[in-house]
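Visitor: Residue numbers (the numbering used here): 17 to 257.
A virtual CB, placed ideally from N, CA and C, is assigned to each residue, including glycine.
If you scroll down you'll find the structure; I have some questions about it.
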Amino acid sequence: MKRSVIGLGLVLFFMVGVAHAQQATSSDIRNMLSELPGKIARHRISIKRCDMPPIIDGKLDDPAWDHAALLTNFIRSNDNLDDKVPGITPAEAESLIYVTYDDTHFYVGARMMEPYMRYLVSASENRDDSVWTDDALEWFLDTDQTGQEVIQLITNNAGIIWDGHDYERKTNVSWTCEGFRVATYHDQDCWYVEWAVPYEGLGMPVPQKGDIWRVQFARQRYTTPTGKRRENTTWVGSIEA
């Protein structure tokens with residue numbers, strides 16, 4: 017979600033410690049934002065408008081990504097690595113998130129490094145299945161910065177979508193982000209995902225200079241021989257034009 021030369025201020029925050037994505041509510045967001053460990057720096061990143069929209073094929077090889085904002089340094093928020101400290105310890109497997117935008121869409125591209133590609137979990141088959149139980153990417157969007165209205169988008173590594181809308185602590189799982197397009201691609205040591213998220217589908221106007229949104233990106237990772245979740249990681253910070 018970004019603004020570039022025209023300038024758009026977007027704030028992205030992570031809900032550290034959410035164990036089950038479908039249960040995250042606006043109250044969770046408010047509580048977790050206020051309880052983030054003091055040791056975690058909230059990054060601030062400028063984002064730029066793309067001249068041409070990327071082709072949504074999961075490969076991230078379009079010029080649109082060349083100048084997109086890059087979000088890195090994910091931290092563990094919940095995992096099964098007992099010797100690590102959630103909220104402070106860096107992710108075991110790196111996640112690289114790219115963000116750009118134009119007059120109609122936000123574009124998100126992600127490269128998920130994965131040393132155990134053969135163990136990727138993608139059991140979900142239909143839209144609004146429990147994709148958070150697969151290896152997946154999540155996005156929480158608080159458009160009015162109050163925590164009263166939150167949009168959540170999730171995609172697993174096979175491109176299956178879950179989308180929901182939370183208003184005043186009530187989640188509408190039947191809500192659909194119309195026009196949301198997704199593609200994924202698997203490589204030898206990572207998997208990719210590309211999103212095109214239309215403002216119209218989000219029910220919001222085109223971002224303007226100075227706009228600020230709170231957002232969270234999170235990664236669910238289940239790549240173990242047993243399928244037990246290995247780690248849940250998030251990026252904490254702000255994005256602005």
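If you draw a straight line from the C-alpha of E247 to the C-alpha of I91, how long is it?
Guide: Spanning the two alpha carbons is a distance of roughly 10 Å.
Visitor: For Y215, report the span of its alpha helix (DSSP H) as first-last.
Guide: Residues 215-218.
Visitor: Step through the CB atoms of chain C and report whether any lies within less than 7 Å of the CB of I170.
Guide: Here there is only one protein chain, and chain C is not present.
Visitor: Buried or exposed for D150, going by 16 or more other Cβ atoms inside 10 Å?
Guide: Buried.
Visitor: Would you report the Cα separation of S138 and D144, rounded to the nearest angstrom?
Guide: Approximately 13 Å between the Cα atoms of the pair.
Visitor: What residue range is occupied by the uninterrupted beta strand (DSSP E) comprising I113?
Guide: Counting along the chain, the beta strand (DSSP E) containing I113 begins and ends at 111-117.
Visitor: Report back the beta-carbon spacing between E130 and Q236 to the nearest angstrom; my notes put them in contact at under 8 Å.
Guide: Actually they do not touch by this definition, with Cβ atoms about 12 Å apart.
Visitor: Assign S93 to one of two classes, buried (16 or more other C-beta atoms within 10 Å of its C-beta) or exposed (fewer than that).
Guide: With 16 or more Cβ atoms within 10 Å of its Cβ, S93 is classed as buried.
Visitor: Are the CB atoms of A11 and C66 nearer to each other than 7 Å?
Guide: Any property of residue 11 remains undetermined from this structure, which presents the chain solely from 17 to 257.
Visitor: Using CA atoms only, rank isn't needed, just tell me which of E141, G74, L136, D118 is closest to R245.
Guide: The candidate whose alpha carbon is nearest that of R245 is L136.
Visitor: Are the Cβ atoms of P70 and D118 separated by less than 7 Å?
Guide: No.
Visitor: Under a three-way DSSP split, which group does M129 fall into?
Guide: Correct three-state label for M129: strand.
Visitor: Taking the beta strand (DSSP E) that K186 falls in, what are its first and last residues?
Guide: Element bounds for K186: 186-188.
Visitor: For A152, which three-state DSSP category applies?
Guide: Strand, per DSSP.
Visitor: Whether or not the stretch 199-208 and the stretch 218-237 are in contact is what I'm after, with contact meaning three or more pairs of Cβ atoms, one per stretch, closer than 8 Å; do they touch?
Guide: Verdict: no, contact absent.
Visitor: If we ignore side chains and look at the alpha-carbon of each, how far apart do V115 and I61 end up?
Guide: So the alpha carbons of these two residues sit roughly 10 Å apart.
Visitor: By how many angstroms is the C-alpha of Y123 removed from the C-alpha of K75?
Guide: Taking the straight line joining both Cα atoms gives about 13 Å.
Visitor: I need the straight-line Cα distance from T120 to M133, nearest angstrom please.
Guide: Taking the straight line from one Cα to the other gives about 34 Å.
Visitor: Check each candidate in V209, C206, C193, Y208 and name the one with the smallest Cα separation from Y215.
Guide: Answer by Cα proximity: C193.
Visitor: Looking at the unbroken beta strand (DSSP E) that takes in Y307, where does it start and where does it end?
Guide: In the structure displayed, the chain extends from 17 to 257; residue 307 sits before or after that span and is not available.
Visitor: Starting from L86, follow the beta strand (DSSP E) in both directions and report where the run begins and ends.
Guide: Per DSSP, L86 belongs to the beta strand (DSSP E) from 85-87.
Visitor: One question on the structure: do W207 and N173 come within less than 7 Å of each other, judged by their Cβ atoms?
Guide: Cβ distance < 7 Å, so W207 and N173 count as in contact.
Visitor: Can you tell me whether A234 is helix, strand or coil according to DSSP?
Guide: If DSSP states are grouped into helix, strand and coil, A234 belongs with the strands.
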